[in-house]
Amino acid sequence: MAGVVNATLALTEKFVSSSDGTQIFAQAVGNSRLPALVFVHGFAVSALVWANIFRDTNLLRYFYLVAYDLRGHGRSGKPGMPEEYSTKLLADDFVAVTRAFGVEKPLYVGWSLGGTHRPNPKSAARSLTSLMHFHDTGSFASDVLEHYGVDALAGIVYTTAVPYLAASPKVLTSYVQNTVIPGLTDLTNSSLALSTRIDMTTNLFSHPEKAPAEVLWSWLGSSALLEPAKATLISGPGRVQDTANLFKAGQGGLPVLVVNGDEDRYVVGEEVVRALEGFKGLEVHSVRGGSHALFWERQVVFVGVVGEFARRVFKRRVG
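The numbers in this note's numbering rise by one with no breaks, and the one at position 23 of the sequence shown is 4.
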């Protein structure tokens, strides 16, 4: 297991006001003079999933680590209108957090799923379109580039993630599209809502029986903070994504790392790579035995791969 951070590197937590006044919960640890990695959590959980990563000395030796709760999730504000989840506001959230910690041009590290589904008629999605995108944290990098320019990021790490919304139908597994999303957004069946959250959390891991109860329960508890009636807003009609700058940056050589796991029950890794065809700076690392939450179960491997990639991105030498 990776080392524990020295006690002198205290975790800083704060609430940051985004451009519309929504309060975004954010945290950072490490030496703020070092290059920054900004970690963005997956659907229905929160930044607490990065707790072990934020104690990893193999990263803290070289990088300043930042994370935040997405709007609608965790301790961040949870606005209720579709237009309050536009690509502009989601990009503004990211930039507000980086500016609050004095970070410029960070490496974006996004985790987890995005996708499409035909909404359950009893779900919160019934008033939206008949084929609905569901959010992924990888796709928020596209939002940042869309609104802040192709040079806004030093690079992108897609950790078992969908790179942009239009790729979701092919990248998401049938389990996510047919079971997870309908269950999470159902407004009429509380038993289904709870059982779906339990199954979703358990299936993030290849070996959930080896995860401590405090990890499983805290991740599950985070999912309870996502209101079913608001779950689809983050990829509803208010979020129309323009990927032109993402493709321009990728085809121009933006460093992009895809980290996939061969035991991922949420994302089809081969389709992620196909979705990024033509990206000149693309690197792919497949983790044998890697689950959707491979950054937790295979932390040493994940940190090694991401750390080596990030040092090259920032042109830092291993000391």
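Yeah, the Cβ is synthetic: ideal placement off N, Cα and C, and Gly gets one too.
Residue i versus residue j: straight-line alpha-carbon distance, rounded
i	j	result
Val43	Gly270	Per the sequence shown, residue 43 should be read as Tyr rather than Val. Their Cα atoms are separated by approximately 27 Å.
Arg246	Tyr156	7 Å
Asp74	Gly53	12 Å
Pro189	Lys261	37 Å
Phe283	Val30	14 Å
Val265	Val19	20 Å
Glu258	Pro144	12 Å
Ala142	Val152	9 Å
Thr160	Ile179	12 Å
Glu(-6)	Asp50	11 Å
Ala17	Leu46	6 Å
Phe276	Asp132	27 Å
Trp200	Leu165	15 Å
Residue range of the beta strand (DSSP E) that includes residue i
i	result
Pro(-4)	In the sequence on display, residue -4 carries Phe and not Pro. That run of the beta strand (DSSP E) goes -7 to -2.
Asn241	237 to 242
Val284	Where Val284 is concerned, there is no enclosing beta strand (DSSP E), although the alpha helix (DSSP H) it sits in stretches over 280 to 294.
Local Cβ density within 10 Å of residue i, reported as buried at 16 or more and exposed below that
i	result
Met181	buried
Lys211	buried
Pro163	buried
Thr301	Missing from the structure shown is residue 301; the chain here goes from -18 to 300 and no further.
Asn278	According to the sequence shown, residue 278 is Glu rather than Asn. Glu278 should be labelled buried.
Leu40	buried
Arg14	exposed
Start and end residues, alpha helix (DSSP H) containing residue i
i	result
Ala135	Ala135 -> no alpha helix (DSSP H), and no H or E assigned at all.
Ser172	171 to 183
Val78	68 to 81
Gly233	Run containing Gly233: none; DSSP gives neither H nor E here.
Val164	The sequence given here places Gly at residue 164; Val does not occur at that position. That run of the alpha helix (DSSP H) goes 162 to 166.
Tyr129	120 to 129
*asked:* Check whether the segment 202 to 216 and the segment 14 to 31 are in contact - that is, three or more C-beta pairs closer than 8 Å.
replied: yes
*Three or more C-beta pairs closer than 8 Å, one from the segment 84 to 94 and one from the segment 118 to 137: is that the case here?*
Yes, they touch.
*Pairing CB atoms from the segment 224 to 243 with CB atoms from the segment 49 to 64, are three or more of them under 8 Å?*
no
*Kindly provide the ranges of any alpha helix (DSSP H) runs that are 4 or more residues long and lie completely inside the segment 7 to 47, ordered along the chain.*
38 to 41
*Validate contact between the segment 233 to 244 and the segment 123 to 142 using beta carbons, cut 8 Å, 3 pairs*: yes
_Could you check whether the segment -6 to 5 touches the segment 69 to 84, counting it as contact only if at least three pairs of C-beta atoms, one from each stretch, sit closer than 8 Å?_
yes
*Along the chain, which unbroken stretches of the alpha helix (DSSP H) at least 4 residues long are found entirely within the segment 255 to 280?*
275 to 278
*asked:* Which runs of the alpha helix (DSSP H) at least 4 residues long sit entirely within the segment 182 to 225? Give them in chain order.
replied: 194 to 205
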